[in-house]
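Comments concern the structure below.
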Amino acid sequence: MNIWNIAVKEIKSSLREKRTFMFMLALPIIMMLILGSALSNAFDDTRTVGDMRLLYKSNEMNAQLSTAWNSFIKALGDKGVEVDQAGLGMDGQEEVRSDRYTGYAVVSDAGIEFYGSSKNTIGSNILGGMLTVFADRYSLASAAYQVDPESASAIVKGIGQREDFIHETTLNPNKKPGAIDYYAIAMTTMIALYSMFSASYLFTGERTNKTSTRLMAAPVSKGVIFTGKIIGSTFVNLFFVLVVFVVSKFVFQADWGNHYGMVILVLLTEVLLAVSLGLGISFLFKGEGVRSINNIFTQVASFVGGAYFPVDQSTGFFGLLSKFSPLHWANTGLMEIIYTDNSRGAWFAIAMNVSIATAFIIISVITMRRREGAIV
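Numbering-wise, UniProt numbering puts 363 at position 363 of the sequence shown, and it's gapless, one number per residue.
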């Protein structure tokens with residue numbers, strides 16, 4: 001009961017701090033909005049092909065090839081590709097070089113010669129792929145003529161008309177984070193790490209507010225006070241994190257996947273890690289040293305951990321340094337569980353958070369017990 005009373009007291013004290021309240025809520029939401037809007041193009045991997053125009057020249061085509069080619073160019077036209085036949089004296093290669101056409105094809109019984117544009121490589125590759133498919137199917141039809149002319153005729157007539165010839169399937173289609181999705185995760189984990197600031201003043205704040213003597217005079221043990229304060233700080237900081245989570249999901253429509261239990265567990269253990277770190281630092285260092293270490297650690301961990309830009313492809317020293325940031329393994333675990341339904345990264349983040357939190361709690365307990373008659 002005493003633990004619960006101390007935890008409630010800590011929660012009320014934290015919520016009365018309006019500056020802390022506004023900082024923990026406003027900072028991640030504003031940063032999420034600014035970065036998610038400003039860098040939206042950086043996360044958009046779509047490419048606009050634009051209009052595709054094919055110029056062709058036919059040289060001595062037999063009846064079969066002519067029939068197949070006419071069927072093919074008609075199908076291209078139905079798909080939005082502009083197909084023109086080269087006029088007398090027109091230099092097809094120069095037309096492509098001048099960017100008036102995406103590609104130029106010379107069609108004859110000997111095959112197809114294709115000249116693609118270096119200025120529109122995507123469109124050129126698409127047209128080249130279409131012509132390759134046409135050539136392969138015509139070769140099939142030519143071979144079939146020697147065995148079964150009726151089936152060959154059906155193949156020729158069907159060139160360019162089948163839309164279900166190739167079925168394309170992607171793994172996790174459309175499951176990739178946009179700018180808002182990424183920064184919703186990054187800002188939420190970042191503000192969870194910022195729990196260090198309030199946790200580092202759990203006991204030194206009692207001395208600053210001149211309540212440490214009254215706290216020590218209370219008929220409760222150091223262990224009860226210590227446990228109550230950790231529970232209270234963890235609860236109130238988790239509350240801030242969950243508010244940011246809810247705002248990002250329902251206001252900014254960020255994608256948090258379907259595994260909400262695992263997501264919240266990762267965030268909870270990260271808050272516990274941050275509280276333990278802040279508490280341990282407050283016992284190991286004094287005065288302004290605590291504030292300086294908190295500022296340096298949170299900023300460096302946020303920078304190398306991916307709070308401001310993705311770091312998953314970083315290499316060298318920066319890539320190595322990022323792996324030591326709590327934000328890196330938290331963000332990686334959340335990305336994997338949200339976008340690939342793989343919980344391995346999330347469990348790794350949880351294990352790392354709990355392990356480090358336990359180590360710093362033990363350090364804090366040992367340091368506190370060595371102090372005679374005071375806990376601050």
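By construction, the Cβ of each residue, glycine as well, lies at the ideal position given by its N, Cα and C atoms.
Distance, Ile362 Cα to Phe12 Cα: Looking at the sequence shown, residue 12 is not Phe but Lys. In a straight line, the C-alpha of Lys12 is about 26 angstroms away from that of Ile362.
Helix, strand or coil at Ile361 [DSSP, three-state]: helix
Trp69 classed as buried or exposed, judged by whether at least 16 other C-beta atoms fall within 10 angstroms: buried
Reference Thr358, options Asn258, Ala274, Val251, Arg291, closest by Cα: Ala274
Beta-ladder partner(s) of Leu54, from DSSP: Val83, Gly103
Bridge partner(s) assigned by DSSP for Tyr115: Tyr104
Meets three-Cβ-pair contact criterion under 8 angstroms: the segment 107-123 and the segment 83-91: no
Ser343 to Ile337 span [Cα, whole Å]: 5 angstroms
Contacts around Ile231, its chain only, beta-carbon distance under 6 angstroms, and the 5 residues preceding and following it disregarded: Ala7
As assigned by DSSP and simplified to three states, the class of Asn342: coil
Strand pairing of Asn59, partner residues [DSSP]: Ser108
Tyr308 (DSSP reduced to helix, strand or coil): coil
Cβ-based neighbour list, Met31, same chain, cut-off 6 angstroms, excluding 5 preceding and 5 following: Met187
Cβ separation of Met190 and Ala307, assumed to be a contact under 8 angstroms, to the nearest whole Å: 4 angstroms
Sequence-distant residues of the same chain with beta carbon closer than 6 angstroms to Leu27, five excluded per side: none
Cβ of Gly223 within 7 angstroms of any chain C Cβ: As a matter of chain content, chain C is missing from the structure shown, which is built from one protein chain.
heavy atom of the ligand HEM below 6 angstroms from Glu113 C-beta: As far as ligands go, the structure on display features none, and thus does not contain the ligand HEM.
Host alpha helix (DSSP H) of Met196 (start-end): 195-199
Own chain partners of Ala179 with C-beta closer than 6 angstroms, once the 5 adjacent residues on each side are dropped: Gly36, Leu39, Ser40, Phe43
Closest Cα partner of Gly261 within the set Val106, Leu279, Leu242: Leu242
Distance CB(residue 378)-CB(Ile3) smaller than 7 angstroms: With the chain covering 1 to 376 only, the question about residue 378 has no answer from this structure.
Extent of the continuous alpha helix (DSSP H) run through Leu238: 222-250
Three-state secondary structure assigned by DSSP to Ser292: helix
Helix, strand or coil at Asp136 according to DSSP, with G and I counted as helix: helix
Phe245, buried or exposed, once every other Cβ within 10 Å from all chains shown has been counted against 16: buried
Where Met24 falls: helix, strand or coil (DSSP): helix
Residue burial classification, Lys18 (beta-carbon count within 10 angstroms, cutoff 16): exposed
Contact belief for Asn294 with Ile281 at Cβ below 8 angstroms, rounded distance in angstroms: 7 angstroms
Span of the alpha helix (DSSP H), counted from its first residue to its last, around residue 380: The structure shown does not extend to residue 380, since the chain is modelled only from 1 through 376, so no value can be given for it.
Secondary structure of Met90, DSSP reduced to three states: coil
Trp256 (DSSP reduced to helix, strand or coil): coil
Pair within 7 angstroms by beta-carbon distance, Gly92 and Leu127: no
C-alpha gap between Phe203 and Met368, whole angstroms: 10 angstroms
Environment of Glu10 [buried if 16+ CB atoms lie within 10 Å]: buried
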